[in-house]
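One structure below.
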Amino acid sequence: MKSLYVKFVVFSIGIMVSSGILAFLISNTYYQQKLKPENDQKNTKIALDIAAFVEDHHNINFKEYLENLSTIGYQIYLVDRSGNESYFGAPFRDKTLSASTKEQVLNGEIYHGILHFPQETFVTGFFANELKNTIGVPLTHNGSNYALFIRPDIKLLFNEMQILFAWLLALMTFISIVLVLISTKYLVKPISKLTLATKSLATGNFHVDLDSNRRDELGELSQSFFQMARKLEQSDEMRKEFISNISHDIQSPLSNIKGYTNLLEKESLSSIEKSHYISVINDEISRLSSLTKQLLLLASLDRNEDILKKKTFNVAQQLKELIRNHQWLINEKGIMLSYSLPDTEIIGDPSLLNTVWDNLLTNAIKYNKPDGSIEISINKNEEWITVTFKDTGIGLSHQEQERIFDRFYRADIARTRYVEGTGLGLSIVATIVTLHDGQINVTSKENEGTTFVVKFPRR
Ligand code: ADP
4 MKSLYVKFVV
14 FSIGIMVSSG
24 ILAFLISNTY
34 YQQKLKPEND
44 QKNTKIALDI
54 AAFVEDHHNI
64 NFKEYLENLS
74 TIGYQIYLVD
84 RSGNESYFGA
94 PFRDKTLSAS
104 TKEQVLNGEI
114 YHGILHFPQE
124 TFVTGFFANE
134 LKNTIGVPLT
144 HNGSNYALFI
154 RPDIKLLFNE
164 MQILFAWLLA
174 LMTFISIVLV
184 LISTKYLVKP
194 ISKLTLATKS
204 LATGNFHVDL
214 DSNRRDELGE
224 LSQSFFQMAR
234 KLEQSDEMRK
244 EFISNISHDI
254 QSPLSNIKGY
264 TNLLEKESLS
274 SIEKSHYISV
284 INDEISRLSS
294 LTKQLLLLAS
304 LDRNEDILKK
314 KTFNVAQQLK
324 ELIRNHQWLI
334 NEKGIMLSYS
344 LPDTEIIGDP
354 SLLNTVWDNL
364 LTNAIKYNKP
374 DGSIEISINK
384 NEEWITVTFK
394 DTGIGLSHQE
404 QERIFDRFYR
414 ADIARTRYVE
424 GTGLGLSIVA
434 TIVTLHDGQI
444 NVTSKENEGT
454 TFVVKFPRR
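Under this note's numbering, think of the first position of the sequence shown as 4, with each following residue one higher.
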């Protein structure tokens, strides 16, 4: 994590430095292309004005005049035919200037040193305090010829500005670095927290504390992580619960079978006792067998192989047959069952869909109340075939409704303790319905009843 922080800081400062260099290069190019010619023109005009003024005013002491000009912001170099030189204003750092240039100006040409000052990547010619970087014009005073070279005294003109800009730049750099250090910490902190949370999750501790109030991507990430941790916790709990359930569900029939086989070994058994024991053993074996069947079915549905053996069949007939098979149980419980099942053709896997109806009907019986009722109906419109199972049973709370399709989930243990079950039925139902591109929905009210609606698209 430390290294991420360092990387962030290094990157940000790197960006600052490179954007500084880039900005300098761009403005330098701008100076070279656009400002330099303008600057040259402007200074040429000033130099020519000076020369014209000196020529027009024979009586003035023109060297004093040049001295005055230098104090208001010019560096000036003057030379005559005999090579007498004089400087006015701040000295030039570099005083080289070819004799031929001087000669040409003395002969009446204008020297554009500013325009032709060599262009270099990291040097803005504007600041070069060199005699070459001047404008040269011929000047005549009282019959003598001179060459006059001038350039604006940048130091004098920009002294305060320079200091101001330097401070501005230094402060900007300093403040940006401090802010980068602080903001990076703020950015990286949730990631460090997330890493800690992941580590704690890996050790099996699901109670992670994350700051999910942030409204940015990291906040979203924390929130998703938090949800994931909750899901993991739930599935971990479910797994533990399942193992204890399934061990119990396997253990109790096995020990019953063992007990009753021991009893069968006694010789003094009446034939009535014998057949009773055998029927108990048979029941327990079917319990075990149906449990393993459910597990096997779920496993094969999970593998998502091409297990659907689809064909067109009459779902109403299938449901009526199912009701007939469960009639004895329904009668035994004193439940009223009514149905409205118009003939309906459906395309699907008959055996898997039978498992769906079987589970829904068995649940409606198992979780019903004495003297309760069940209604089964088929409805169809252009788009959907809908099968509804409505019971007046014990119902489900909102939280329970959200989880009944989860594997191994059984609602309120206190109410379902005496009802046999594994919590696998509805998850099998939901998987099969999804494999048929259908939907299953539940609405329920505690102590009033539950309705399951299964919908299949007609096309
Ligand atoms: P089980 O083997 O426990 O019946 P299911 O997956 O079929 O498992 O159902 C999951 C849980 O949903 C049940 O344990 C029960 O609490 C609840 N449940 C299912 N159907 C109904 C219903 N018709 N009325 C009330 N509760 C139901």
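All residues carry an ideal CB built from backbone N, CA and C; glycine is no exception. Since we're looking at a predicted model, the values are computed, not measured.
Through-space distance from residue j to residue i, alpha-carbon basis
i    : j    : result
I288 : I388 : 37 Å
L304 : V422 : 26 Å
M4   : S195 : With a pLDDT of only 48 at M4, under 50, the local geometry of the prediction cannot be trusted, and the value read off the model is given with reservation. So the alpha carbons of these two residues sit roughly 6 Å apart.
K66  : T137 : 19 Å
I349 : G424 : 29 Å
M19  : Q36  : 26 Å
E106 : R84  : 8 Å
N362 : V432 : 7 Å
D239 : E405 : 17 Å
I338 : T395 : 10 Å
Y342 : L197 : 55 Å
E378 : L344 : 10 Å
Q297 : D286 : 17 Å
N62  : Y33  : 44 Å
A54  : K48  : 10 Å
S103 : L171 : 44 Å
S354 : M231 : 35 Å
K458 : F408 : 16 Å
Contact check, residue i vs residue j, beta carbons under 7 Å
i    : j    : result
Y149 : L159 : no
I113 : V140 : yes
V211 : L7   : no
G426 : Y412 : yes
G76  : D156 : yes
L38  : F95  : no
P193 : L118 : no
T365 : V456 : no
I166 : A50  : no
D352 : L294 : no
V181 : V12  : no
H115 : D52  : no
L267 : Y280 : yes
P256 : R290 : yes
Three-state secondary structure (DSSP) of residue i
i    : result
Y412 : coil
V181 : helix
F2   : Given that the chain is displayed from residue 4 to residue 462, the structure contains no residue 2 and the question cannot be resolved.
N42  : helix
A131 : coil
Y280 : helix
E268 : coil
I462 : A quick correction: the sequence has Arg, not Ile, at residue 462. Coil at R462, not helix or strand.
I275 : helix
L171 : helix
E106 : helix
S101 : coil
S1   : In the structure as shown, the chain starts at 4 and stops at 462, and residue 1 therefore has no counterpart that could be examined.
L221 : helix
S289 : helix
T453 : strand
K372 : coil
R84  : coil
N259 : helix
K192 : helix
Q78  : strand
Spatially closest choice to residue i from the options, by CA coordinates
i    : options                   : result
F316 : T395, I117, E163 and D346 : D346
I368 : E386, N334, S380 and D156 : N334
Y70  : A414, N46, E451 and L151  : Note that residue 70 is Glu in the sequence shown here, rather than Tyr. Ranking the options by Cα distance to E70, first place goes to L151.
D374 : K312, E405, P193 and G452 : G452
E385 : S343, P460, G396 and H329 : P460
N357 : D286, I326, W331 and E276 : I326
S282 : S225, L299, V390 and N259 : N259
T201 : R233, R218 and M175       : R233
S380 : K393, L298 and K372       : K393
N216 : F209, G207 and Q226       : Q226
I185 : L429, V9, V436 and K372   : V9
F161 : S101, A54, F130 and H329  : F130
T264 : K277, S30 and I435        : K277
Y189 : N31, K313 and D219        : D219
G207 : L224, N248 and E236       : E236
I443 : N450, E449 and T454       : T454
D59  : M175, N145 and I79        : N145
V318 : K383, N31 and W331        : K383
W360 : S21, Q402 and L429        : L429
Closer than 6 Å: residue i CB and nearest the ligand FAD heavy atom
i    : result
T295 : The ligand content of the structure shown is limited to the ligand ADP, which means the ligand FAD is not among them.
Minimum Cβ-Cβ distance from residue i to chain C less than 7 Å
i    : result
E123 : Included in the structure is just one protein chain, with no chain C present.
Alpha helix (DSSP H) segments (min. 4 residues) lying fully within the stretch 321 to 384: As far as the stretch 321 to 384 is concerned, its whole alpha helix (DSSP H) runs of at least 4 residues are 353 to 369.
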